[in-house]
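Chains as they are written, first to last, in full-length UniProt numbering: chain R, 1 to 294; chain C, 1 to 324.
One structure is given below, encoded as C-alpha cells.
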Amino acid sequence: MYAYASRSERAYQIFIHTAVALVALSALFPLVYVVGMSLTSQSEMIARDYFVIVPQEPTLEAYKRIFASPLVWQSIGMSVLRSTLGPLLTLALTTVGAFVLSRKTLPGRGPLLFLVLFTILFHGGLIPSYLVMKQLHLIDSFWALIVPMLVDSFGLLVIKIFIENLPDGLMESARIDGAGEIALLTRIVVPMAAPALAAIGMFSIVNHWNSWFDALIYLNDKQLYPLQMVLRNMLTVDSMANDQMNFILKDTQRVSSETIKMATVVVGILPIMCVYPFLQKHFIKGMYLGAVKG
Amino acid sequence: MPAETEVNGNLRGTERGAPAVREASLLRRMAAHKTLYLLFIPVLLYYALVRYWPIGMAWIVAFKDLQLGAGVWQSEWVGLDNFRVMFTDPQLVKVLRNTVEISLLRLAVGFVPPIILAIMFHDLASNRFKKWTQTIVYIPHFFSWVIVFGIVFALFSTGSGFVNNMLEWFGLPRKEFFLDQDWFRPLLVGSAVWKEIGWGTIIYLAALASVDTQLYEAAAMDGAGPLRRVYHITLPSLVPVIIFLVCLNLGTILYAGGEQILLFYNQAVLDTADVVDTWIYRESLARLQFSIGTAMGLFQSFVGMLLVLATNAASKKYTGRGIW
C-alpha cells in the first residue's frame with residue numbers, strides 16, 4: 001500500500017502483524033483446547049492432572065456417549081428442521097414485504113412502513129409476548145420456534161432499499177412486456193436482489209441454529225428441544241456442582257463429565273464450522289451492503 | 001388507513017377537484033395495487049399478531065394484577081401499583097442499577113478494541129495475512145452464547161480449566177471464577193469482547209474502504225509516520241460511524257445481554273449479575289409475577305426508545321448523521 005518503507009513504517013508493520021496474529025491466536029486457542037479436552041480419556045486426565053492440550057491417546061468415547069442419547073439426535077433433527085423451514089419462510093415473507101414497500105406509488109405506503117419501523121424501536125417485552133403465544137396456542141409447539149421470527153424487520157428495510165436502487169428501466173420494460181406484480185417479483189426482483197437475499201437468509205439460518213431462549217420459554221416438552229437447548233442443559237444445569245464433584249472425586253470412569261461437556265461444545269460448533277466458508281462470503285457482502293446503504 | 005397527505009401529494013393537477021372525486025380516485029389507485037395489498041396480507045398478519053398484539057397486551061397487563069386463572073380481561077386494574085413496586089422494591093432498584101452498570105461496562109470495555117483491530121487490519125501490508133486473520137477472528141461471532149459459555153467453562157472451570165491449570169503451574173492457588181462475585185463481570189464482558197471483537201471491525205472496515213488512498217500517500221510524502229496517519233486520517237474518518245454506534249448502544253442500556261447472563265450466572269453471584277432481563281425471566285415465569293414483569297419490560301422498551309430518539313437527534317445536530 002505504501003511505497004515509502006522507512007524504518008518506522010517497517011516497525012509499524014511488524015507491530016501490527018504481531019498484534020493481529022495474537023488476536024487471531026486468542027480466537028483459535030480456546031477452540032483447540034476444547035477439542036483436545038473432548039478427546040481425552042479419564043485415565044489420561046488423571047495421569048496428567050487435568051491439564052491436557054493435546055491428548056496422547058485420543059478417544060472418541062465422549063462422542064459415543066453423547067450420540068447414544070436419543071434426545072441429542074432428536075434435537076439435531078429439530079434444529080435442522082427449524083434452520084431450513086424457518087429461514088425459507090422468513091425469506092419469502094421478508095422479500096414480499098420489501099417488494100411491496102419498495103413501491104413508491106402504493107397508497108398507504110408511508111403508514112405501512114412506519115408500522116414496520118416502529119417495531120424496531122418498541123416492543124411489548126418478554127411477558128406479553130409469552131402471553132400472546134399462549135393465547136395463540138403455540139406454547140409447546142414447534143411453531144413457537146418459527147412464528148416469532150417470521151419477518152426480519154431490519155432485513156426487510158435492507159432489501160427494500162436494494163430493490164429501490166435497481167435500475168427503473170428494468171421494471172418498466174418488464175411491465176410493458178405485460179408482466180404482472182408476481183412476475184416482477186419472481187423474474188426481476190428475486191434474481192437481481194439475490195446477493196442481499198442470500199445474506200439475509202444466512203443470518204436467518206444462523207439465528208435459528210443458535211437460538212435456545214425461545215425454547216426455554218415456549219417449550220416444556222423435551223422432545224421438541226432444539227440442539228442448543230439440549231447443549232445448554234448439559235453444560236449449565238448444576239455445572240458448578242458437577243465441576244466441584246469431579247475435582248474432588250476424579251472418578252474412575254473412562255471419560256469425565258468435563259470431557260463430555262467439551263465434546264458437547266464441539267458438537268455445537270461443528271455444523272457452524274462446516275458452513276462457515278459459505279457463510280462468510282455472503283455475510284461480508286451483506287454487512288457491507290447494510291453498512292454502506294444504511 | 002390510507003394516508004391522505006400522500007394522496008394529495010401525488011395528485012399533480014390532473015385529478016384536482018371535489019373531495020368526492022379525490023376519494024374515488026384514491027379507491028381506483030388502491031384497486032390498481034390490489035395484488036400488492038394481497039401479497040402484503042401475511043406480512044401484516046405477522047406484525048399484528050407477533051409484534052403489535054404484545055405491545056397492546058403490555059399496556060393492559062402492566063396496569064392490572066394479572067391472575068393467570070382469571071385471564072387478562074377478568075384480572076383487576078391496579079393503576080400504577082406495578083410501577084410503584086418496581087421503583088420502591090430495593091431488589092428491583094438493585095437490578096436496575098446492575099443493568100445500567102453492566103451495560104456501561106460493556107460499552108466502556110467493548111467499544112474500543114474493534115476500532116483498534118479495524119485500524120490494524122486496514123493498515124496491514126500483507127493482503128493474504130489480512131484475509132486469513134479476518135476469517136479467523138470472525139468465527140466466534142457465529143457461535144451461540146451456549147457454546148461461548150461452554151468455551152469459557154473450558155478455560156475457567158475449577159477442575160480442568162486452562163486458567164486454573166496455569167495458576168497451579170505457577171504455584172498459585174486455584175480459583176472458583178464462576179462463584180466469585182468479583183470475577184463475574186470481567187468474565188461476562190471479556191467473553192463478549194472475545195466473541196464480537198472481529199465482527200465489530202466490519203462496519204469500521206466498510207467506512208475505511210471509502211477513504212481516498214491518495215490522502216495516505218500525500219501524508220506519507222509530507223513525512224507523516226504511521227501513527228500520525230492513523231491519528232490524522234484514519235481516526236477522523238471513523239468518527240461518524242463511532243457516533244452512530246454509540247447512539248445505538250445507548251438505546252440498549254436497559255438490555256444488558258440477558259441471554260448471556262442467564263447462562264453465566266448462578267445463585268452465588270446473583271447480587272452483581274441479576275439484570276432486568278434475567279429478573280423478568282426468573283420472577284415472571286417462575287413465580288408468576290406477570291404484571292410486574294410486564295411493567296418492567298414496558299419501562300425498558302420506553303426508556304430504550306426515548307434514548308435512541310434522543311441520541312439520534314443529538315447525533316444529527318452535531319454530526320449531520322443519524323440512524324435515519
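Where a beta carbon is used, it is the ideal one built from N, C-alpha and C, also for glycine.
Only a predicted model underlies this, so the values are computations on that prediction, with no experimental measurement involved.
Residue i to residue j, Cα distance in whole Å?
i, j, result
"ALA313 of chain C", "HIS282 of chain R", "33 Å"
"GLU9 of chain R", "PRO226 of chain C", "6 Å"
"THR133 of chain C", "ALA19 of chain R", "11 Å"
"ARG48 of chain R", "SER103 of chain C", "40 Å"
"ALA125 of chain C", "TYR204 of chain C", "18 Å"
"GLY125 of chain R", "ARG106 of chain C", "22 Å"
"residue 328 of chain R", "ALA273 of chain C", "Shown here, chain R extends from 1 to 294; a query on residue 328 of chain R therefore has no answer."
"THR264 of chain R", "GLU44 of chain R", "19 Å"
"ALA62 of chain C", "PHE162 of chain R", "40 Å"
"MET1 of chain C", "ILE41 of chain C", "Model confidence at MET1 of chain C stands at a pLDDT of 39, short of 50, so the residue's coordinates are unreliable; what they give is reported in the following sentence. Roughly 14 Å between the two C-alpha positions."
"GLY97 of chain R", "LEU309 of chain C", "25 Å"
"PHE121 of chain C", "ALA31 of chain C", "54 Å"
"LEU31 of chain R", "TRP145 of chain C", "14 Å"
"TYR50 of chain R", "ASN165 of chain C", "8 Å"
"ALA176 of chain C", "THR158 of chain C", "Residue 176 of chain C is actually Glu in this sequence, not Ala. Straight-line Cα distance between these residues: approximately 5 Å."
"MET229 of chain R", "PHE154 of chain R", "26 Å"
"SER210 of chain C", "GLY110 of chain C", "25 Å"
"VAL163 of chain C", "THR259 of chain R", "17 Å"
"ILE139 of chain C", "TRP77 of chain C", "50 Å"
"GLY79 of chain C", "ILE60 of chain C", "10 Å"
"GLY268 of chain R", "LEU231 of chain R", "7 Å"
"LEU215 of chain C", "ASP123 of chain C", "14 Å"
"VAL151 of chain R", "THR234 of chain C", "37 Å"
"ALA218 of chain C", "SER6 of chain R", "15 Å"
"THR99 of chain C", "MET221 of chain C", "50 Å"
"PRO55 of chain R", "THR40 of chain R", "6 Å"
Using a threshold of 7 Å, state whether the C-beta atoms of residue i and residue j are closer than that.
i, j, result
"MET305 of chain C", "PHE114 of chain R", "no"
"SER284 of chain C", "ILE53 of chain R", "no"
"LEU36 of chain C", "GLU181 of chain R", "yes"
"LEU263 of chain C", "THR236 of chain R", "yes"
"CYS247 of chain C", "THR319 of chain C", "no"
"VAL255 of chain R", "ALA62 of chain R", "yes"
"SER38 of chain R", "VAL266 of chain R", "yes"
"LEU89 of chain R", "GLY201 of chain R", "no"
"ILE243 of chain C", "PRO114 of chain C", "no"
"VAL241 of chain C", "ALA207 of chain C", "yes"
"SER291 of chain C", "ASN127 of chain C", "no"
"ALA58 of chain C", "THR294 of chain C", "yes"
"THR201 of chain C", "ALA268 of chain C", "no"
"ARG51 of chain C", "THR119 of chain R", "yes"
Could you tell me which chain R residues have their CB closer than 9 Å to the CB of residue i, listed as they occur along the chain?
i, result
"LEU49 of chain C", "VAL132, LEU136 and VAL147"
Can you pull the chain C residues whose beta carbon is under 7 Å from the beta carbon of residue i, in chain order?
i, result
"GLU9 of chain R", "PRO226"
"GLN74 of chain R", "Simply none; closest approach about 17 Å."
"ALA24 of chain R", "THR133, ILE136 and VAL137"
"SER129 of chain R", "PRO54"
"GLN13 of chain R", "ALA125"
"PHE213 of chain R", "GLU259"
Mind checking who residue i pairs with in its DSSP beta bridge?
i, result
"ASP214 of chain R", "Paired residues: none, contrary to the question."
"LYS64 of chain C", "C:TRP77"
Mind listing the chain C neighbours of residue i? Cutoff is C-beta to C-beta under 9 Å, in chain order.
i, result
"SER83 of chain R", "Result: empty, since nearest Cβ-Cβ is about 12 Å, beyond 9 Å."
"ASN210 of chain R", "PHE142, PHE143, SER144, TRP145, VAL146 and ILE147"
What does residue i reach in chain C if we use C-beta pairs closer than 8 Å?
i, result
"VAL34 of chain R", "GLY150, ILE151 and ALA154"
"MET262 of chain R", "GLY150 and ALA154"
"VAL206 of chain R", "PHE142"
"VAL96 of chain R", "LEU39, PHE40, PRO42 and VAL43"
"GLU44 of chain R", "Simply none; closest approach about 12 Å."
"ILE159 of chain R", "The contacting residues do not exist; ILE159 of chain R stays about 12 Å from chain C at best."
"GLU181 of chain R", "THR35, LEU36 and LEU39"
At a CB-CB cut-off below 7 Å, which residues of chain R make contact with residue i?
i, result
"TRP53 of chain C", "VAL132"
"TYR318 of chain C", "Those within 7 Å of TYR318 of chain C in chain R number zero; the least Cβ separation is about 20 Å."
"ASN165 of chain C", "TYR50 and PHE51"
Less than 8 Å between the CB atoms is what I'm expecting for residue i and residue j, so what's the real figure, rounded?
i, j, result
"ALA24 of chain R", "ILE136 of chain C", "4 Å"
"THR95 of chain R", "LEU227 of chain R", "The Cβ separation is near 28 Å, so there is no contact."
"ARG29 of chain C", "PRO107 of chain R", "5 Å"
"PRO271 of chain R", "TRP209 of chain R", "7 Å"
"SER204 of chain R", "LYS160 of chain R", "With 8 Å as the limit, SER204 of chain R and LYS160 of chain R do not qualify as a contact, their Cβ atoms being about 17 Å apart."
"LEU250 of chain C", "VAL276 of chain C", "With 8 Å as the limit, LEU250 of chain C and VAL276 of chain C do not qualify as a contact, their Cβ atoms being about 16 Å apart."
Counting only Cβ pairs nearer than 8 Å, list the residues of chain R close to residue i.
i, result
"ALA256 of chain C", "Simply none; closest approach about 14 Å."
"ARG185 of chain C", "Those within 8 Å of ARG185 of chain C in chain R number zero; the least Cβ separation is about 18 Å."
"PHE87 of chain C", "The premise fails here: PHE87 of chain C is roughly 17 Å from chain R at the closest Cβ pair, so nothing lies under 8 Å."
"ARG29 of chain C", "THR105 and PRO107"
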